[in-house]
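Chains as they are written, first to last, in the UniProt record's numbering: chain G, 1 to 235; chain E, 1 to 241.
Ideal placement from N, C-alpha and C gives every residue a C-beta, glycine not left out.
Here it is as structure tokens:
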């Protein structure tokens with residue numbers, strides 16, 4: 001298992017942002033992480049990536065415990081935080097070089113050119129990040145997440161705010177990456193889940209309310225649409 | 001860690017922030033030392049730099065917070081801190097890298113002022129009649145003082161997302177660390193712990209090094225001062241998880 005989560009919880013005072021969730025994710029599959037705003041999706045992702053410390057429970061990334069072996073775990077994760085924070089005053093290549101150095105990669109300049117090609121940044125590669133459009137910034141965000149070829153990719157709302165053309169491109173890229181990695185993406189768009197995800201987890205008020213394959217969840221709900229299932233489970 | 005250090009330094013050098021703050025520092029210190037009659041070295045009558053060395057700690061109270069205020073505050077406001085801390089680098093490495101980058105900038109602000117040493121030594125009678133030992137000691141003292149202020153500034157920047165608040169907190173803390181202990185020790189004038197209290201302040205150790213006597217106690221004081229505030233910074237950043 002490349003991601004295995006056991007009873008992971010995050011409490012803020014008395015509020016349970018994430019309440020003892022457990023799940024697993026397999027390589028070669030894309031897991032859609034769904035839930036209303038404030039359900040705990042980002043909190044869970046932030047715990048997996050080491051930004052937040054869990055209140056209780058544990059999780060393993062490629063068999064490294066996120067609390068006790070955090071450095072090893074971090075090396076195996078590529079993470080795109082919500083709203084794609086980037087150093088806007090840096091140039092695209094300069095930024096990717098910096099990220100590569102934090103992973104202590106070898107043949108870095110070759111690898112930077114490779115990921116720039118992979119995410120389709122070639123026409124914009126000599127610009128400052130602050131000058132890029134939202135779609136291209138998203139690509140820079142993805143490029144920094146995959147530069148060290150991680151086993152696990154965690155993408156927090158990677159397609160929010162993109163136009164329909166950019167959406168198609170980014171989805172295709174994520175689907176391509178998902179072939180040999182474990183991918184978790186969070187999203188609000190149901191068509192997106194149907195388009196790219198293999199498995200689906202619906203989370204509401206910090207608890208998992210559904211954990212199944214796309215086909216499985218439809219079968220259990222009389223072939224209803226995902227939208228209706230989502231509304232039924234989280235309303 | 002080197003990657004973070006390099007990024008910090010380059011981001012200073014590629015933005016106007018560094019040039020403007022250092023420029024203003026050199027302009028103000030130049031004006032105060034050569035033009036304004038009350039503080040001018042020329043009107044002082046003696047060819048020595050002690051006026052400069054007693055002035056700079058006050059200028060640093062504003063220069064250094066201006067350099068350090070963005071280090072953590074901006075990263076947390078922009079969300080890039082999340083990007084940074086999820087890379088395989090420890091919090092301690094991030095804190096040290098940011099600290100060293102700011103310290104290098106402080107050094108960049110100090111280096112151009114060595115021209116004052118040259119001018120004053122030329123103005124002396126006979127020419128070159130200047131206490132070089134005291135000048136070297138004072139520069140070392142200034143650097144250590146800058147190192148202490150920088151650690152305060154980094155700590156203040158970790159406390160808030162707002163750069164202006166970070167600036168205000170660190171300027172106030174620097175002023176207190178420099179003078180506060182001296183002043184509060186005077187409340188207990190003539191009592192035996194007066195010197196104990198003032199020995200917590202930066203001023204006393206700075207003065208001692210400025211005399212050109214490098215005492216290991218002073219060195220240890222500055223090193224532990226900076227380490228302590230960097231540890232506070234780590235606690236402040238780590239506590240938010």
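Self-check item: Span separating the alpha-carbon of residue 105/G from that of residue 154/E
Solution: The residue labelled residue 105/G in the question sits at position 105 within the first chain. The residue labelled residue 154/E in the question sits at position 154 within the second chain. Residue 105/G and residue 154/E: Cα-Cα distance of roughly 29 Å.
Quiz item: Measuring CB to CB, does residue 210/E end up less than 8 Å from residue 147/E?
Solution: Counting from one through the second chain, the residue named residue 210/E turns up at place 210. Counting from one through the second chain, the residue named residue 147/E turns up at place 147. No.
Exercise. Just the C-alpha distance for residue 164/G and residue 133/G, rounded to the nearest angstrom, thanks.
Key: For this step, residue 164/G is matched to residue 164 along the first chain. For this step, residue 133/G is matched to residue 133 along the first chain. Those two C-alpha atoms are separated by around 14 Å.
Self-check item: Residues from the stretch 181-208 of chain E in contact with chain G, defined by Cβ distance under 9 Å
Solution: none
Practice problem: Using a threshold of 8 Å, state whether the C-beta atoms of residue 59/G and residue 48/G are closer than that. | Solution: Translated into positions along the first chain, residue 59/G becomes position 59. Translated into positions along the first chain, residue 48/G becomes position 48. Yes, they are a contact pair.
Quiz item: Any Cβ of chain G within less than 8 Å of the Cβ of residue 98/E?
Solution: As a position in the second chain, residue 98/E is number 98, starting the count at 1. It does not; no Cβ of chain G falls within 8 Å.
Quiz item: Is the beta carbon of residue 137/G sitting closer than 8 Å to the one on residue 84/G?
Solution: Taking the first chain and counting its residues from 1, one reaches residue 137/G at position 137. Taking the first chain and counting its residues from 1, one reaches residue 84/G at position 84. It is a contact, given that the beta carbons lie within the stated cut-off.
Quiz item: Among 19/G, 149/G, 28/G, which residue has its Cα nearest to the Cα of residue 39/G?
Solution: If you number the first chain from 1, residue 39/G lands on position 39. Closest by alpha carbon: 19/G.
Quiz item: Can you list, in chain order, the residues of its chain whose CB lies under 6 Å from that of residue 135/G, leaving out five sequence neighbours each side?
Solution: Translated into positions along the first chain, residue 135/G becomes position 135. The answer, listed in chain order, is 162, 166.
Quiz item: Bridge partners of residue 18/G, per DSSP?
Solution: Position 18 of the first chain, counting from 1, holds the residue named residue 18/G. Bridge partners of residue 18/G: 10/G.
Quiz prompt | Interface flag, residue 89/E vs chain G, CB-CB below 8 Å | solution = On the second chain, position 89 is the one that residue 89/E refers to. Chain G, which has a Cβ nearer than 8 Å to the Cβ of residue 89/E, makes this yes.
Quiz item: Any residues in the stretch 29-52 of chain G with a beta carbon nearer than 8 Å to a beta carbon of chain E? Which ones, in chain order?
Solution: 46, 49, 50, 51, 52
Quiz prompt | Contained alpha helix (DSSP H) runs [length at least 4] in the stretch 60-111 of chain E, N- to C-terminal order | solution = 70-78, 80-85, 91-110
Quiz item: If you draw a straight line from the alpha carbon of residue 154/G to that of residue 19/E, how long is it in whole angstroms?
Solution: Your numbering for residue 154/G matches position 154 in the first chain. Your numbering for residue 19/E matches position 19 in the second chain. Their backbone Cα atoms lie some 39 Å apart in a straight line.
Quiz item: What does a CB cutoff of less than 8 Å around residue 12/G pick up in its chain, not counting 5 residues either side in sequence?
Solution: Stepping through the first chain from its first residue, residue 12/G is reached at position 12. Counting only Cβ-Cβ distances below 8 Å, and skipping sequence neighbours, we find nothing.
Exercise. Give the straight-line distance between the Cα atoms of residue 139/G and residue 162/E, rounded to the nearest whole angstrom.
Key: Here residue 139/G refers to the residue found at position 139 when the first chain is read from its first residue. Here residue 162/E refers to the residue found at position 162 when the second chain is read from its first residue. Spanning the two alpha carbons is a distance of roughly 29 Å.
Practice problem: Give every residue of the same chain whose Cβ lies closer than 8 Å to the Cβ of residue 236/E, excluding the five residues on either side of it in the sequence, and list them in chain order. | Solution: Working through the second chain from its first residue, we reach residue 236/E at position 236. Closer than 8 Å at the Cβ level, and outside the excluded window around residue 236/E, lie 155, 158, 159.
Quiz item: DSSP on residue 159/G, reduced to helix/strand/coil?
Solution: What you label residue 159/G is simply residue 159 of the first chain in a count that begins at 1. Coil.
Quiz item: For residue 68/E and chain G, any beta-carbon pair shorter than 8 Å?
Solution: Taking the first residue of the second chain as 1, we reach residue 68/E at position 68. Not one chain G Cβ lies under 8 Å of residue 68/E.
Quiz item: Looking at the structure shown, is residue 39/G part of a helix, part of a strand, or coil, going by DSSP?
Solution: In the first chain, counting from the first residue as 1, residue 39/G sits at position 39. Of the three classes helix, strand and coil, the one that applies to residue 39/G here is coil, per DSSP.
Exercise. Count the CB pairs spanning the stretch 18-38 of chain G and the stretch 190-201 of chain G that are closer than 8 Å, and state whether there are at least three.
Key: yes
Self-check item: Residues of its chain near residue 130/E, where Cβ-Cβ distance is below 8 Å and the 5 sequence neighbours each way are ignored
Solution: Along the second chain, one-based indexing puts residue 130/E at 130. Excluding sequence neighbours, residue 130/E sits near 47, 48, 49, 117, 120, 121, 124.
Quiz prompt | Contact list for residue 86/E against chain G, beta-carbon separation under 8 Å | solution = Your numbering for residue 86/E matches position 86 in the second chain. Within 8 Å Cβ-Cβ: 49, 50, 51, 74, 77, 79, 81.
Self-check item: Within chain E, partners of residue 89/G - CB distance below 9 Å
Solution: Translated into positions along the first chain, residue 89/G becomes position 89. By Cβ distance, chain E contributes 11, 14, 15.
Self-check item: For residue 60/G, the residue or residues it bridges with in DSSP
Solution: Numbered from its first residue, the first chain carries residue 60/G at position 60. Bridge partners of residue 60/G: 4/G, 65/G.
Quiz item: So what does DSSP say about residue 165/G, is it helix, strand or coil?
Solution: For the purposes of this step, residue 165/G is taken as the residue at position 165 of the first chain. Helix, per DSSP.
Self-check item: Per-residue burial, residue 101/E [other beta carbons within 10 Å of its own, 16 or more giving buried]
Solution: The residue given as residue 101/E occupies position 101 in the second chain. Buried, since its Cβ has 16 or more Cβ neighbours within 10 Å.
Exercise. Note down, in chain order, each residue of its chain lying with its Cβ closer than 7 Å to the Cβ of residue 190/G, except the 5 sequence neighbours on either side.
Key: For this step, residue 190/G is matched to residue 190 along the first chain. For residue 190/G, where only same-chain residues beyond five positions count, the Cβ hits under 7 Å are 226, 227, 230.
Practice problem: Starting from residue 71/G, find everything on chain E with Cβ-Cβ shorter than 9 Å and list it in chain order. | Solution: Mapped onto the first chain, residue 71/G falls at position 71. Ordered by position in chain E, the residues that pass the 9 Å Cβ test against residue 71/G are 88, 89, 90.
Quiz item: According to the neighbour-count rule (16 or more other Cβ atoms, all chains shown, within 10 Å of its Cβ), is residue 191/E buried or exposed?
Solution: Reading the second chain from its first residue, position 191 is the one you call residue 191/E. Exposed is the call here.
Exercise. Keeping to the same chain, check which residues put their C-beta closer than 7 Å to that of residue 8/E; ignore five residues upstream and five downstream.
Key: As a first step, residue 8/E is located in the second chain; it is residue number 8 there, counting from the start. Excluding residues within five positions, the ones whose Cβ falls inside 7 Å are 97, 98, 101.
Quiz item: Between which two residues does the alpha helix (DSSP H) carrying residue 227/E extend?
Solution: Numbered from 1 along the second chain, position 227 holds the residue referred to as residue 227/E. Counting along the chain, the alpha helix (DSSP H) containing residue 227/E begins and ends at 216-238.
Practice problem: Give a yes or no on whether the C-beta atoms belonging to residue 15/G and residue 95/G are separated by under 8 Å. | Solution: Within the first chain, numbered from 1, the residue matching residue 15/G stands at position 15. Within the first chain, numbered from 1, the residue matching residue 95/G stands at position 95. No, Cβ-Cβ distance for residue 15/G and residue 95/G is not below 8 Å.
Quiz item: Residue range of the alpha helix (DSSP H) that residue 157/E falls in?
Solution: As a working mapping, residue 157/E is identified with position 157 in the second chain. Element bounds for residue 157/E: 132-159.
Exercise. Give the secondary structure of residue 180/E by DSSP, where H, G and I count as helix, E and B as strand, and everything else as coil.
Key: Taking the second chain and counting its residues from 1, the one referred to as residue 180/E is at position 180. Reduced to three states, the DSSP call for residue 180/E is helix.
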